[in-house]
Amino acid sequence: MKRIKFFVFVALVVMVALMMGCSGDGWISLFDGKSLDGWKPVENPDSWKVQDGALVTDGPRSHLFYVGDVHDGKFKNFEFVADVMTRPGSNSGIYVHTEVQEEGWPGKGYECQVINSYPEVKPGEYVERKMTGSIYGVRNVWKAPVPDNEWFHYHIKVQGRTIQTFINGELMAEYTESDDPGLIELMRGRRLDTGTFALQGHDPGSTVFYKNIKVKPLPDDLATPGIPLEDAKYDSLLITLAQKNFPLLDLHVHLKGGLIMEQALAHARQYGFTYGLAVNCGLDMTYETNDALEEFLATYEQPPQTYLAMQAEGREWLDLFATETVAKFDYVFTDAMTWTNNSGKRLRLWIKEETEVGDPQDFMEQLVQSIEQILTEPVDIYVNPTYLPDEIAHLYDDLWTPERMDRVIQALVENKVALEINDRRKIPSADFIKRAKAAGVKFTFGTNNGGIDDLGRLEYCLAMVQECGLQPSDMWHPGDKN
Numbered sequence: 033m034k035r036i037k038f039f040v041f042v043a044l045v046v047m048v049a050l051m052m053g054c055s056g057d058g059w060i061s062l063f064d065g066k067s068l069d070g071w072k073p074v075e076n077p078d079s080w081k082v083q084d085g086a087l088v089t090d091g092p093r094s095h096l097f098y099v100g101d102v103h104d105g106k107f108k109n110f111e112f113v114a115d116v117m118t119r120p121g122s123n124s125g126i127y128v129h130t131e132v133q134e135e136g137w138p139g140k141g142y143e144c145q146v147i148n149s150y151p152e153v154k155p156g157e158y159v160e161r162k163m164t165g166s167i168y169g170v171r172n173v174w175k176a177p178v179p180d181n182e183w184f185h186y187h188i189k190v191q192g193r194t195i196q197t198f199i200n201g202e203l204m205a206e207y208t209e210s211d212d213p214g215l216i217e218l219m220r221g222r223r224l225d226t227g228t229f230a231l232q233g234h235d236p237g238s239t240v241f242y243k244n245i246k247v248k249p250l251p252d253d254l255a256t257p258g259i260p261l262e263d264a265k266y267d268s269l270l271i272t273l274a275q276k277n278f279p280l281l282d283l284h285v286h287l288k289g290g291l292i293m294e295q296a297l298a299h300a301r302q303y304g305f306t307y308g309l310a311v312n313c314g315l316d317m318t319y320e321t322n323d324a325l326e327e328f329l330a331t332y333e334q335p336p337q338t339y340l341a342m343q344a345e346g347r348e349w350l351d352l353f354a355t356e357t358v359a360k361f362d363y364v365f366t367d368a369m370t371w372t373n374n375s376g377k378r379l380r381l382w383i384k385e386e387t388e389v390g391d392p393q394d395f396m397e398q399l400v401q402s403i404e405q406i407l408t409e410p411v412d413i414y415v416n417p418t419y420l421p422d423e424i425a426h427l428y429d430d431l432w433t434p435e436r437m438d439r440v441i442q443a444l445v446e447n448k449v450a451l452e453i454n455d456r457r458k459i460p461s462a463d464f465i466k467r468a469k470a471a472g473v474k475f476t477f478g479t480n481n482g483g484i485d486d487l488g489r490l491e492y493c494l495a496m497v498q499e500c501g502l503q504p505s506d507m508w509h510p511g512d513k514n
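If you read the sequence shown in the working numbering, its first letter stands for residue 33, the second for the next number, and so on.
(1) Once the 5 residues before and after Asp78 are set aside, which same chain residues still bring their CB inside 7 angstroms of it?
(2) Which residues does DSSP pair with Val82 in a beta bridge?
(3) Thr476 and Leu281 look like a contact to me (Cβ under 8 angstroms); what is the Cβ gap, rounded to whole Å?
(4) Measure the Cβ-Cβ separation of Ala274 and Gly169 and say whether it is below 7 angstroms.
(5) For Lys154, count neighbouring C-beta atoms within 10 Å of its own C-beta (all shown protein chains included) and say buried if the count is 16 or more, exposed if not.
(6) Ordered along the chain, which non-local residues of its own chain (more than five positions away) have a Cβ less than 8 angstroms from that of Ser375?
(7) Leaving out five residues before and five after Tyr266 in sequence, what residues of the same chain have Cβ atoms less than 6 angstroms from its Cβ?
(8) If you check the beta carbons only, do Asp521 and Tyr419 fall under 7 angstroms apart?
(9) Are Arg171 and Pro279 touching if we call contact CB-CB under 7 angstroms?
(10) Judging by CA-CA distance, which residue of Gly201, Arg193, Thr306 is the nearest neighbour of Pro260?
(11) Candidates Ala114, Arg439, His286: which alpha carbon is nearest Gly488's?
(12) Relative to the C-alpha of Thr306, which candidate in Thr479, Tyr98, Ser122, Tyr127 has its C-alpha closest?
(13) Which residues bound the beta strand (DSSP E) around Asn454?
(14) Would the region 427-436 and the region 366-384 be scored as touching if the rule is three or more Cβ pairs under 8 angstroms?
(15) When you compare only the Cα positions, how much space is there between Gln343 and Glu499?
(16) State the beta-bridge partners of Arg380 as determined by DSSP.
(17) Between Arg378, Tyr414, Gly258, which has its C-alpha nearest Pro460's C-alpha?
(18) Using 8 angstroms for Cβ pairs, my map puts Thr338 next to Gly308. What's the rounded Cβ distance?
(19) For Asp485, count the other beta carbons within 10 Å of its own beta carbon; 16 or more makes it buried, fewer makes it exposed. Which is it?
(20) For Met496, tell me which candidate among Gly511, Glu452, Ala298 has the shortest Cα-Cα distance.
(21) Pop quiz: Ile199 and Gly165 are said to be a contact at Cβ under 8 angstroms. What is the actual Cβ separation, rounded to whole angstroms?
(22) For Leu185, write down the residues that DSSP places opposite it in a beta bridge.
(23) For the beta strand (DSSP E) containing Ile195, name the first residue and the last one.
(24) Within 10 angstroms of the Cβ of Phe361, are there 16 or more other Cβ atoms? Answer buried if so, exposed if not.
(25) What is the C-beta distance between Leu62 and Lys246, in whole angstroms, given that I count them as a contact (C-beta under 8 angstroms)?
(26) Pro249 bridges to which residues according to DSSP?
(27) Which value, in whole angstroms, describes the spacing of the CA atoms of Trp59 and Thr130?
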């Protein structure tokens, strides 16, 4: 009799779990695949419908709030998952720790961004750069990790003061809140507390699908796994720029000097950076032949939240690599640190033994002429700009005269090449950047690290943003190539 009662009890537990949409591993369904039961659309309710087992947003702005019975719609620590698909140019988002708001953009909680391509806009109009996986306006992802028209798995985890986003199992963004009063004020309601979920219908041109929406509530007393940035002032700057849609991309990072992929990605997440990982291609460099470069490309596993760059070294690269091979990179950059002088000597300016300066003024004339020629090569970015050998580096301000600066700037404009602001070398100068901005040059950030110890935080780049008045529209983005 006891065995019968036991099996009856187990059957009842299983039945209740199934009725509640709860699986044995703790996941609870929030969407029945057939109706909006448990969900409340606001502002423009007709922007939401159920189609083929998915919630679909397609219409004017509307937010769909969870108001069902699970946890009474109040969640603190949890894991949330959904399968999502976007149409080209569509914008949406998943809000956590929010509350029902009858109109406008939700003012409480965090938005986890959903957008995988840029909508068509007129020149000068706002272009949303904060892509899928972003903790919106706090720690952004500046490259779409997945394409449109394909289902992908969105996973959000909140534990204590830490929020994380995962796309198809890959950690995209994470942020741990600080108790700094200035940061709390800056965030304006973006505070981990308790609340419900909401899906965003952004605009009439956005069509986004959601299905398999589930939550796994976690204990309320879980410890915070992350550590907030100690430098609250710097964190405030990062968040201010993130909110302004200022793309925090470091497009000149190398996996060398002991730096491995996992370390680079963790470093980028800490600050909300997106990295362009570059490989050196050219004579006496890592990849000297087209076959070797093709072999690398065939085996390289590119993390979806990163770009892959070709660093075209020396002037020989144009003959060493096929156009179709070069086109497999997200972008190409070069510098003027390797060139041949008027005496026929091949210079590598960062190596003392391979550098021949002579008269500084004559050297500068040769350097500027070389830069003008180099900028006609099919590249996207001019990096390590205005670099001078150690022998004459102390004469930088004297040697980089307005006339020489303007010649380089004119070549950048004519050839539509972006100018790197190099964090590690702290070049070019603010005067050069201001002149370039006035001429319409686009900019990028780059570190050109030698390893893990000098990867840095883009502090010189961000200082130049403030000193030179750079705006998001002044920045070049790899996504603009297509």
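Every residue gets a Cβ at the ideal spot worked out from N, C-alpha and C, and that includes glycine.
By the coordinates alone:
(1) Apart from sequence neighbours up to five positions away, the residues of its chain that approach Asp78 with a beta-carbon distance below 7 angstroms are Gly91, ordered along the chain.
(2) Leu87
(3) 7 angstroms
(4) Yes. Within cutoff.
(5) exposed
(6) Glu388
(7) none
(8) Look at the range of the chain in this structure, 33 to 514, and you will see that residue 521 is not part of it.
(9) no
(10) Arg193
(11) Minimum Cα distance to Gly488 is reached at His286.
(12) Closest option to Thr306, Cα to Cα, is Thr479.
(13) 450-454
(14) no
(15) 29 angstroms
(16) Thr370
(17) Tyr414
(18) 7 angstroms
(19) exposed
(20) Met496 has its Cα closest to that of Glu452, out of Gly511, Glu452, Ala298.
(21) Your pair Ile199 and Gly165 checks out as a contact, with CB atoms roughly 5 angstroms apart and the cut at 8 angstroms.
(22) Here residue 185 is His; the residue named in the question, Leu, does not match the sequence. In DSSP, His185 forms a bridge with Asp115.
(23) 194-199
(24) buried
(25) Right, their Cβ atoms sit about 6 angstroms apart.
(26) Phe110
(27) 20 angstroms
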